[in-house]
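Heads up: the sequence shown runs through residues 126 to 970, numbered per the working numbering. To start, the structure under review is shown below, and the notes come after it.
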Amino acid sequence: MLARAKELFQQGTDVVVGIVETHGRIETLKILEGLPQIARKEMQYQGHILEEMDLDAILLRHPQIVLVDELAHRNVPNSRHERRWQDVNELLDAGIDVFTTINIQHLESLNDVVYQITGIRVNETVPDRVFDRIRDIRLIDLPVSELIERLHQGKVYVPEQANLALQGFFSISNLTALRELAMQCVAEHVDSDLKESYASKGLKSISLQNELMIAIDGQGSSEYLVRAGCRLAERNGATWTVVNVARSLDFGQSSVSSYKKEYIEIDRAFELARQLGGRTEVLYGPRVASVLMDAAVDRGISNLVIGKSISPWWLKLFKKNLAQQLLNQENSIALTILHPEQGTKKINQLKKPSFLSLKESVFVLAVTCGSIFLAHFAEVLFGIEDFSVIFIISVLIVATKTRMLAAVVAALICFLAYNFFFIAPRYTFQISAHQGVVTVVAFFAAALIAGRLASQLRQQVLSLKAANAYTRVMQDLARKLSSAVNLEEVMQTGRMTLETQLQTKVWISIRDKVISSDIELNDKEKVAAEWCLKHKQPCGRFTDTLSQSSWWFLPLLEQKNSLGIVGIYFKDEVVSLNFEQKKLTESVIEYIAQAVLRTQLVNELEQAKVTSETERLRSALLSSVSHDLRSPLASIIGAADTLANFKADMSEQDQQDLLETIHLEGERLDRYIQNLLDMTRLGHEGLTLKRDWIGVDELIGSATRRLKRYKPDTQVLVQLPEQPISLYVHPALVEQAIFNVLENAANFSPPDEPVMIRTYLVSEDEVKIEIEDKGAGIPEDERHRIFDMFYTMERGDRGKFGTGLGLTIVKAIIGAHMGTIEAFSGRQNKGTLIQIKLPIHPVKE
């Protein structure tokens, strides 16, 4: 590594030394001479000053290539990352190439194989997913004899350590096996590169796509099965999934302290599987073999891997092991049975030490004592002689409420109590009659069978509850998120779901918006949150990055884009989360990310709609202004020019007509500008209602008189109710609205046809005003659009005289008064009828 780096440095490549352990060897120091080095970072730990690679300094320097020795090294506690391979991952993500070294015994998937070869468990390992990022791999292979000679010369370890290594880990047989293992690993990597090369060129490699499922049970060999299954999948080019069949589900943190050892082992195995690149899943059901086979068939599994069951010979007489149950099922799935690794304590479930809890013991004693008293009273009061049913029912009660072990204990106690108290001779355990022996034995067998059946039924019920619990939580979350209309509601819904299920505090940050449970992050926690957002990876609690934090930070990702961060707070006594809690958390975060993206898309669509509508209104406004300003101005300019140049040749009447034209066109221009100002005021919510009581007849009369000034030839017929009607409205605005509708009707009504105004009292709280003309009318499919701003028609009632503002203003004014306005066809399907409804009394606006 050093020789290649120095060669590149001499060729002008920007190469720096991040960290290289020389161990005082002169040969290594000579090669390092001339290479720029990043100063190491000093850290205090338990009163000592230790040195580590300065990751931030390397990122700031950003060389082309950095040298990082000992990839499997464990960093000093309180470092950003727990392992050095995580530092390397961050360097690679930053676009910096890394030269590094790793021994074959440090590869995670080979950990069990190395243990079987050497008898030593290597604790510092590197996940295979890091190994898969290698672009160029070089095997440093030495003959065993030469490596041993280097050990003797102190070129690998100091002499004292070298002698110990030769006697233990680096014996001749171990070195030979490790050397072969390294060659196999490199060969598999080369084969993988070849397949990728074929794929990039569109060529097909000779391989069979298959799927492998590894079943674990938490009985001591789960991690071994994961590693062995991973190697098997890699050799066959298969994708793989690790599953466990469970009967319970608990999302609350309260389960962590009492978490069973086998479940803790399963959690570790699941975490290992994810590190190695596999998927994980929990299945639910009372019968393991059936659940596994159904899942394998549904997922198209080609190979099912299980561990060999180690059971006593006598148990095999009564119960088939898992492998036999799977083989008896008709299917075409290959079954691989792996023997547990040497030294693993594989214990059958019936051989595990299991005891009744205090609560179970009290319950068993209470039920059995109750059955004794009940049988005694039944004998005294009713003279009943056979009490076996009472005791069997008590066993059923125990079996449905507790475990099978408690049911067996209850059956035994009930058997003894039945014999002692109710079988002659009484108050002894002797049985005098042959019939009594048969009765007691039959009772005991019936109690055991009933207890077993009840216990199985209880397990099935628990399995159904467990299978549905996760689904119910996610369905409820999906329903709530689907009804969320904005980002704040999405964040609040996600926070409440996580807090309810995990019983903790949650902090969510999306686009500078923060939702939290009245809690603030300190500076260190903010650094962790920023790191999570930047690198799009979890950090903090339960991770190997900034693990000293009390917060678990997870990114909200959508197609590798970071939308925000979710922080979950945990108390110090919470040391881990079980698989169900992690699965729930990750699923909730995925749902939140999808909902955030949905709201983002909705906002973008709304913005695009607003932009499109704004552009449409801008074009309509320019068109309206260019026409409706130019027309009256042209008339005014023309009339004024005629008066200026030909006044002497014109009669008094002609001059008066031109002046009248100037006056009318000026008023027309003034009304148009006033309409623009009104729409501007309405659009900026500047409309203030100054309500007062006014009669409907007064409003209509005022609007009619205004119309006569501009349209003296227009006939207006008004129909009012006998009883006067008063409205609590803004008089000037409502009068303007009625005038706009009247003017619109007058423009398009034939000269010989009147405009009709009718007023009705709909109820004690509402009045209806109808304005009808006898014009050409409006097509039905366009009536709902006539109140849109700048909407005009080429024919009918919104013809060449319409500006597209009058009815829009009317709708805004009527709406401000909590009323409605609609357009209909006129009576006898002729003309247009505009209907206005207004509340009589003031209503909440």
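Ideal placement from N, C-alpha and C gives every residue a C-beta, glycine not left out. Small disclaimer: the values here were computed from a predicted structure and weren't measured.
For the pair the stretch 410–423 and the stretch 262–270, tell me if three or more CB-CB distances fall below 8 Å.
A contact is defined here as three or more CB-CB pairs under 8 Å, and the stretch 410–423 fails this definition with respect to the stretch 262–270.
Between residue 669 and residue 208, is the Cβ-Cβ spacing less than 8 Å?
Yes, the Cβ-Cβ distance between residue 669 and residue 208 is below 8 Å.
I'd like to know whether the C-beta of residue 449 is nearer than 8 Å to at least one C-beta of chain E.
Absence of chain E from the displayed structure is noted, only one protein chain being present.
I'd like to know whether the C-beta atoms of residue 460 and residue 448 end up nearer to each other than 8 Å.
In this structure, residue 460 sits near residue 448, with a CB-CB distance shorter than 8 Å.
Taking contact to mean at least 3 C-beta pairs separated by less than 8 Å, is the stretch 957–968 in contact with the stretch 932–945?
Enough Cβ pairs lie closer than 8 Å, so yes.
Just tell me which of 633, 174, 636, 143 has its CA closest to the CA of residue 161.
With distances taken between Cα atoms, residue 161 lies closest to 143.
Quick one: what does DSSP say residue 731 is sitting in, helix, strand or coil?
It is helical.
Rounded Cβ spacing between residue 721 and residue 635 (contact assumed at less than 8 Å)
The beta carbons of residue 721 and residue 635 sit about 6 Å from each other, so the pair counts as a contact at 8 Å.
What did DSSP end up calling residue 332 once you bin it into helix, strand or coil?
Its pLDDT being 42, under 50, residue 332 is placed unreliably in this model, and the coordinates cannot settle the point.
Who are the Cβ neighbours of residue 382 in its own chain at under 7 Å, not counting the five residues just before and after it?
Since pLDDT at residue 382 reaches only 37, below the 50 mark, its modelled position is unreliable, and no value is offered.
Among 517, 547, 487, 491, nearest to residue 502 - alpha-carbon criterion:
Ranking 517, 547, 487, 491 by Cα distance to residue 502 puts 547 first.
Are the Cβ atoms of residue 796 and residue 855 separated by less than 8 Å?
No, these two residues do not count as a Cβ contact at 8 Å.
Contact between the stretch 840–855 and the stretch 880–892 (3+ Cβ pairs under 8 Å)
By the C-beta criterion, the stretch 840–855 is judged to be in contact with the stretch 880–892, since at least 3 inter-stretch pairs fall below 8 Å.
Along the alpha helix (DSSP H) that carries residue 695, what are the first and last residues, could you check?
Going by DSSP, residue 695 is part of no alpha helix (DSSP H) at all; its letter is neither H nor E.
So, helix, strand or coil for residue 637, using DSSP?
In this structure, residue 637 counts as coil in the three-state DSSP scheme.
Straight-line CA distance for residue 958 to residue 771?
Going by the C-alpha atoms only, they are around 46 Å apart.
Decide if the stretch 694–714 is in contact with the stretch 621–629; the criterion is three or more beta carbon pairs, one per stretch, under 8 Å apart.
Segments in contact, yes.
Reduced DSSP secondary structure (H/G/I, E/B, other) of residue 630
Residue state for residue 630 is assigned as coil, using DSSP reduced to three classes.
Can you say whether residue 931 is buried or exposed, counting buried as having 16 or more other CB atoms within 10 angstroms of its CB?
Label assigned to residue 931: buried.
By the 10 Å Cβ neighbour count, where 16 or more other Cβ atoms means buried, how is residue 894 classified, buried or exposed?
In summary, residue 894 is buried, with 16 or more beta-carbon neighbours lying within 10 Å of its beta-carbon over all protein chains present.
Comparing alpha-carbon positions, which option in 867, 276, 876 lies nearest residue 825?
Residue 825 has its Cα closest to that of 867, out of 867, 276, 876.
Which residue's Cα is closest to the Cα of residue 656: 640, 638, 677, 639?
Here the closest residue by C-alpha is 677.
Using C-beta distances below 7 Å, list every residue in its chain close to residue 243, excluding the 5 sequence neighbours before and after it, in chain order.
Excluding positions up to five away in sequence, the list reads 294, 299.
Under the three-state reduction of DSSP, which class applies to residue 775: helix, strand or coil?
In the structure shown, residue 775 sits in coil (DSSP, three-state: anything other than H, G, I, E or B).
Please name the residue in 488, 134, 249, 253 whose C-alpha comes closest to that of residue 520.
Considering only 488, 134, 249, 253, the residue with the shortest C-alpha distance to residue 520 is 488.
Kindly confirm or deny that the stretch 417–437 and the stretch 386–394 touch, where touching means at least three C-beta pairs closer than 8 Å.
At 8 Å Cβ cutoff, the stretches do not touch.
Just tell me which of 433, 205, 541, 309 has its CA closest to the CA of residue 663.
Looking at the Cα atoms, 205 is the closest of the given residues.
If the criterion is Cβ atoms closer than 8 Å, does the pair residue 949 and residue 933 meet it?
For the 8 Å CB-CB criterion, residue 949 and residue 933 do not form a contact.
In whole angstroms, give me the CA-to-CA distance for residue 515 and residue 499.
Each residue's Cα considered, the two are about 8 Å apart.
Status (buried if at least 16 other CB within 10 Å, exposed otherwise) for residue 237
Buried: at least 16 other Cβ atoms inside 10 Å.
Just to confirm, is the Cβ distance from residue 350 to residue 432 under 8 Å?
Yes, the Cβ-Cβ distance between residue 350 and residue 432 is below 8 Å.
On the CB-based measure, 16 or more other CB atoms within 10 Å of its CB, does residue 507 come out buried or exposed?
Sixteen is the threshold: since fewer than 16 other Cβ atoms of the shown chains lie within 10 Å of the Cβ of residue 507, the residue is exposed.
Would the stretch 722–733 count as touching the stretch 690–707 if we require 3 or more Cβ pairs under 8 Å?
No, because fewer than three Cβ pairs between the stretch 722–733 and the stretch 690–707 fall closer than 8 Å, the two stretches do not touch.
So, is residue 138 buried or exposed, given that buried needs 16 or more other C-beta atoms within 10 angstroms?
It is exposed - the Cβ of residue 138 has fewer than 16 other Cβ atoms within 10 Å.
Given a cut-off of 8 Å, decide if residue 680 and residue 687 are closer than it, judged by their beta-carbon atoms.
It is a contact, given that the beta carbons lie within the stated cut-off.
How big is the Cα-Cα spacing for residue 830 and residue 955?
Roughly 26 Å between the two C-alpha positions.
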